[in-house]
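For reference, the structure discussed in these notes is given below.
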Amino acid sequence: MKLATWNINSIRLRKENVIKFLKKENIDIIFLQETKTIDKFFPESFFYNYGYTHIYFRGEKSYNGVAVLSKIPFKNKSFHNFCNLKDTRHLKIELINNIIIHNFYVPAGGDVPDIKLNVKFKHKIDFMNEMIELLKMEVSKKNIILGDFNIAPSENDVWSHKTLLKQVSHTKVETDVFKKLLEKCSYEDIVRKAFNKEDKIFSWWSYRNKDWKKSNRGRRLDHILVSNNFKKNISNVNIYNHIRGQYKPSDHVPISITLKD
DNA sequence: ATGGCGCGGTCACCGCGA
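Okay, so the first sequence: first residue is 31 according to my numbering, each after it adds one.
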């Protein structure tokens with residue numbers, strides 16, 4: 031089974047990009063973030079007609095929104111509202127073989143990396159801590175969490191460690207809470223593990239650079255984390271950098287893993 | 001140090017992304 035995650039930045043605008051990727055890479059299940067549409071306008075039948083007949087999504091107007099498109103049926107599906115908000119940032123599915131997968135769109139956190147001065151940053155840190163509390167209860171399960179965490183955890187997950195230490199996404203507060211998630215809930219960052227420690231690996235490049243490829247000022251904000259008791263089942267980690275260069279791209283690229291159950 | 005671009009929407013400006 032091959033699964034992927036992708037922050038698509040509008041599903042209505044990029045449904046063709048999604049199906050092109052799914053077909054070319056033979057993806058069985060994809061988890062999307064920032065679908066940016068209310069459920070009524072989600073292009074469900076479009077994906078259904080390509081064989082993704084198991085679809086689950088939660089959206090809202092303009093912002094956020096998460097979805098899963100699958101060829102494989104779910105045994106259960108649910109969601110949790112984090113920080114007592116009804117923003118659509120999470121969904122959870124359980125497959126027939128008892129594998130649990132959580133899809134997250136963690137708050138970006140605004141500009142100022144201080145929980146006292148910036149409510150958006152506080153929201154991000156609170157969200158991560160609530161994730162930790164929730165996922166602690168699932169340590170014994172075959173568990174995968176993935177999505178856009180809006181945190182670049184290690185030095186070579188950003189184009190310049192020194193510069194980015196002061197910028198939201200790579201501050202110590204954020205990388206510490208990410209580390210805490212891995213430790214307390216027993217996950218492995220299997221994507222980072224698939225590369226050398228010195229390799230720069232990114233999943234996002236800003237729209238504001240004239241030439242994303244030339245300046246290469248990227249960050250690795252999207253993640254697939256796998257329970258330590260289940261990570262031996264993972265192979266073939268892929269980050270599809272070239273997707274950033276396609277026509278009308280998202281600012282994020284997809285990541286996939288292969289999984290034997 | 002700043003701004004750069006692109007999305008949706010009570011739509012031609014604004015909030016937001018990170």
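Note that CB positions come from ideal geometry on N, CA and C, so glycine has one too.
None of the values given here were measured: they were computed from a predicted structure.
**Study point:** beta strand (DSSP E) runs contained entirely in the region 206-230, provided each spans 3 or more residues
**Key:** Counting only runs of at least 3 residues, the region 206-230 fully encloses the following beta strand (DSSP E) elements, listed from N- to C-terminal order: 217-219.
Review point. Relative to the alpha-carbon of GLY81, which residue among VAL267, GLU90, ILE59 has its alpha-carbon at the smallest distance?
Key: In the first sequence, counting from the first residue as 1, residue 81 sits at position 51. Per the Cα distances, ILE59.
**Study point:** 3-residue-minimum beta strand (DSSP E) runs that sit fully inside the region 170-207, ordered along the chain
**Key:** If we require 3 residues or more, the beta strand (DSSP E) runs fully inside the region 170-207 come out as 172-178.
Exercise for review: Could you check which residue in LEU211, LYS50, LYS196 has the C-alpha nearest to that of TYR270?
Suggested key: To locate residue 270, count along the first sequence from 1; it is residue 240. Ranking the options by Cα distance to TYR270, first place goes to LYS50.
Review point. Roughly how many angstroms lie between the CA atoms of LEU212 and HIS253, to the nearest whole one?
Key: To locate residue 212, count along the first sequence from 1; it is residue 182. To locate residue 253, count along the first sequence from 1; it is residue 223. As the crow flies, the alpha-carbon of LEU212 is around 12 Å from that of HIS253.
**Study point:** Opening and closing residue of the beta strand (DSSP E) in which SER257 lies
**Key:** Residue 257 sits at position 227 when you count from the first residue of the first sequence. Here the beta strand (DSSP E) through SER257 covers 252-257.
Review point. Measuring CA to CA, which of ASN56, ASP144, PHE72, SER170 is closest to LYS214?
Key: If you number the first sequence from 1, residue 214 lands on position 184. It is SER170 whose Cα lies nearest to the Cα of LYS214.
Check your understanding: Do you know how far the Cα of ASN133 is from the Cα of ASN173?
Key -> Within the first sequence, residue 173 is the residue found at index 143, counting from 1. Within the first sequence, residue 133 is the residue found at index 103, counting from 1. If I take the Cα positions, the gap works out to 11 Å.
**Study point:** Cβ pair ALA97, LEU43 closer than 7 Å
**Key:** Here the question's residue 97 lines up with position 67 in the first sequence. Here the question's residue 43 lines up with position 13 in the first sequence. The answer is no: Cβ separation not under 7 Å.
**Study point:** VAL142 versus LYS290: straight-line alpha-carbon distance, rounded
**Key:** Taking the first residue of the first sequence as 1, we reach residue 142 at position 112. Taking the first residue of the first sequence as 1, we reach residue 290 at position 260. In a straight line, the C-alpha of VAL142 is about 42 Å away from that of LYS290.
Review point. Quick one: Cα of ASN79 to Cα of LYS101, how far?
Key: By one-based count along the first sequence, residue 79 stands at place 49. By one-based count along the first sequence, residue 101 stands at place 71. Their Cα atoms are separated by approximately 11 Å.
Review point. For the 8 Å Cβ check, are there 3 or more pairs between the region 179-192 and the region 122-132?
Key: Output reads no: the region 122-132 does not touch the region 179-192.
Check your understanding: If you draw a straight line from the alpha carbon of ILE41 to that of PHE260, how long is it in whole angstroms?
Key -> Position 11 of the first sequence, counting from 1, holds the residue named residue 41. Position 230 of the first sequence, counting from 1, holds the residue named residue 260. Approximately 31 Å, taken between the alpha carbons.
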